[in-house]
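Asks:
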Amino acid sequence: MTALPSLPSPSASSSTASPSPRRRFLAGGAALVAVLASLTASPSPARADEPARDGDRLTVTVRDAGGGADGTYEVRCRPSGGTHPDPGGACAAVQRQTRWGQDAFAPVPRDAVCTMRYGGPATARITGTWAGRRVDATYDRTNGCAIARWDRLVPLLPEAGRTAGARGA
């Protein structure tokens, strides 16, 4: 093994001189190694615009929605498929709600102020994987916030709470 020559000791006359090219090279190399080590030490976060290795998979169980919408459906995204009546639309609905660093299936915050509007007895549970994260979320239509949260995921969740002839139906 060959020893590196020792660096000259600083002298009073060299205190104003700039560091030697060799010192700058070694310092830059050390900084580069530190940065690269920190990047490889942590896994990259899941990104909404990147497909998961095996695609995103969700299982949706709907109860008391009426209109033949009750049941359990499988949804695969990227590529779209499964037993859901509209897998492409279901995937697009979730994709619209996906933001980097946020949970697309997050519950309504406990301190949210919601209207006292009842949207019907429909409930749903969504489990699976989306954007590399595990999903286990429940939905209902018990107040204005819960109704809005449900409606943001239509057609993944069925359109519920509207009767024939009602405005917007």
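Heads up, the sequence shown is in my numbering, so the first residue is 0 and it goes up one at a time.
Beta carbons: idealized from backbone N, C-alpha and C, even for Gly.
1) Return the residue from the list Ala123, Arg151, Asp69 and Gly100 that minimises the CA-CA distance to Arg170.
2) By how many angstroms is the C-alpha of Trp149 removed from the C-alpha of Thr141?
3) What does the Cβ neighbour count give for Tyr117, buried or exposed, with the cut at 16 atoms within 10 Å?
4) Under 8 Å between the Cβ atoms of Gly86 and Arg95?
5) Please state whether DSSP places Trp99 in a helix, a strand or coil.
6) Tell me whether Ala159 sits in a helix, a strand or coil according to DSSP, three-state version.
7) Going by CA-CA distance only, name the one from Val134, Ser19 and Ala64 that's closest to Val153.
8) Which one of Gly67, Leu57, Arg62 and Arg109 has the shortest CA to CA distance from Glu73?
9) Extract the residue ranges of the beta strand (DSSP E) inside the segment 53 to 129, only unbroken runs of 3 or more that lie entirely within it.
10) Buried or exposed, going by whether 16 or more other CB atoms sit within 10 Å of the CB of Pro157?
Replies: Taking the definition as stated:
1) Residue 170 lies beyond the stretch modelled for the chain, which goes from 0 to 168, so this question has no answer here.
2) If you take the alpha carbons of Thr141 and Trp149, they lie about 10 Å apart.
3) exposed
4) According to the sequence displayed, residue 86 carries Pro and not Gly. It is not a contact, given that the beta carbons lie outside the stated cut-off.
5) coil
6) coil
7) Ala64
8) Leu57
9) 55 to 62, 70 to 76 and 122 to 129
10) buried
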